[in-house]
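Chemist: Same order as they appear, the protein sequences are chains A and B.
Sequential numbering from 0 applies to the first sequence in numbering that gives the first Met the number 0.
Sequential numbering from 0 applies to the second sequence in numbering that gives the first Met the number 0.
All C-beta atoms in this analysis are idealised placements derived from N, C-alpha and C, irrespective of residue type, glycine included.
Starting off with a structure, shown below.
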Amino acid sequence: MADQVTALRAYHDLGEEAAGSGRPGPARVSLREVLGFALTQFACWPDTLIEAGALAARAAGCEAAPGPGQVATGARGRLLRVEPLKWWLIREAGCAPIADMPAELGAALELSSARTWVRVEGAEASRLLNHFLPLDLRPDAFPPDRVASTAFHHVGITLWRSGGAFELALPRSFAASLWELLVDSARQYGLVTGEAAYALADGGEK
Amino acid sequence: MIRIPCPFCGPRDHAEFSYGGDGSITYPALDAPLEAWHDAVFLRVNICGRQVETWQHVHGCRLWLKVERDTMSHEIYSVTPADPALAKVLEGGE
Numbered sequence: 000m001a002d003q004v005t006a007l008r009a010y011h012d013l014g015e016e017a018a019g020s021g022r023p024g025p026a027r028v029s030l031r032e033v034l035g036f037a038l039t040q041f042a043c044w045p046d047t048l049i050e051a052g053a054l055a056a057r058a059a060g061c062e063a064a065p066g067p068g069q070v071a072t073g074a075r076g077r078l079l080r081v082e083p084l085k086w087w088l089i090r091e092a093g094c095a096p097i098a099d100m101p102a103e104l105g106a107a108l109e110l111s112s113a114r115t116w117v118r119v120e121g122a123e124a125s126r127l128l129n130h131f132l133p134l135d136l137r138p139d140a141f142p143p144d145r146v147a148s149t150a151f152h153h154v155g156i157t158l159w160r161s162g163g164a165f166e167l168a169l170p171r172s173f174a175a176s177l178w179e180l181l182v183d184s185a186r187q188y189g190l191v192t193g194e195a196a197y198a199l200a201d202g203g204e205k
Numbered sequence: 000m001i002r003i004p005c006p007f008c009g010p011r012d013h014a015e016f017s018y019g020g021d022g023s024i025t026y027p028a029l030d031a032p033l034e035a036w037h038d039a040v041f042l043r044v045n046i047c048g049r050q051v052e053t054w055q056h057v058h059g060c061r062l063w064l065k066v067e068r069d070t071m072s073h074e075i076y077s078v079t080p081a082d083p084a085l086a087k088v089l090e091g092g093e
């Protein structure tokens, strides 16, 4: 597997910025690029949904493939149902490649370098995201292990919730631009930026 | 602002969707006379009221949808996947 390409290498180390006037205290938003993950897409046909879902679940170590808008965590990875006929499997970088799927069943596609993963956390995380996203991000409407695709400044992105964090999968070619929008808007809350290493653990990849 | 209840994603802002035009048109055969294609493509009725439209949830699940909508009130009466095979997948409840 080739080394993962990141669009944000030059943007990580902004340090901590104090909030603007009127909001003293520590940073209320953190933005971190998550590195060291592998992303594989499983796509199938309408009449192979169950079989392909079972294959994806086995690859993740889950009991069953998640339904629409759901995330399932298994022993080997995290499985996201992102479209009617597609799942995304997130695993540790460098893990064994997915065996080729028979064309009659579907297709497995390596997407690791196609997406840049940004983790948004902090007391004002959902408020910051709602400057851009037309989604109800309150915990009862978008609880942990929910996944959604939506538009961020006219760019299609995918996000899910793991524990208290929002995880954003941004198309790599737009990642720097969207990151700058997030940083500029987060300055009013005070922010800290940096990197995080992917690790599959209970409650989220921390 | 229109909210469209996507069969896969749930209710979403119409900014996530792309309008695909009149969903009630039956297009002619590929070898049909030019006049038939002209009529199908260009001669449209500007309906005031309930009509069937196609929309794609382009920034969501990417499904093409048939949306029954009132052009005056924006009330939405029904939303179904345009592809019957995908409708069956979603109705199956996994």
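#1: Evaluate Ile49 (chain A) with the Cβ neighbour count: other Cβ atoms within 10 Å of its Cβ, from every protein chain shown; 16 or more gives buried, anything less gives exposed.
#2: Please tell me whether Val119 (chain A) and Val28 (chain A) are closer than 8 Å, where the distance is taken between their beta carbons.
#3: Quick one: residues in its chain with C-beta nearer than 6 Å to the C-beta of His13 (chain B), no 5 flanking neighbours on either side, listed in chain order?
#4: Taking 8 Å as the CB-CB cut-off, is Leu42 (chain B) touching chain A?
#5: Starting from the C-beta of Ser111 (chain A), find all residues in its chain whose C-beta is less than 6 Å away, skip the five residues before and the five after it, and write them out in chain order.
#6: I'd like to know if Cys47 (chain B) contacts chain A, where contact means its C-beta is closer than 8 Å to some C-beta of that chain.
#7: For Lys65 (chain B), list the residues DSSP reports as bridge partners.
#8: Which stretch, first to last residue, makes up the beta strand (DSSP E) that contains Leu34 (chain A)?
#9: List, from N- to C-terminal side, the alpha helix (DSSP H) runs of 4 residues or more that fit wholly inside the stretch 78-155 of chain A.
#10: Using 8 Å as the threshold, is the stretch 79-98 of chain A in touch with the stretch 61-71 of chain A, meaning 3 or more CB pairs across them?
#11: Rounded to whole angstroms, what's the CA-CA distance from Asp183 (chain A) to Thr79 (chain B)? Just pull it up for me.
#12: Does the distance from the CB of Thr192 (chain A) to the CB of Leu34 (chain A) come in under 8 Å?
Modeler: From the atom records:
#1: By the neighbour-count definition (other C-beta atoms within 10 Å, threshold 16), Ile49 (chain A) is an exposed residue.
#2: yes
#3: Ile1 and Ile3
#4: By this cut-off, Leu42 (chain B) is not an interface position.
#5: Cβ within range, chain order: Gln3, Ala37 and Leu38.
#6: no
#7: B:Thr53 and B:Thr79
#8: First-last of the beta strand (DSSP E) with Leu34 (chain A): Val28 to Leu34.
#9: 124-128
#10: yes
#11: The straight-line gap from Cα to Cα measures roughly 39 Å.
#12: no
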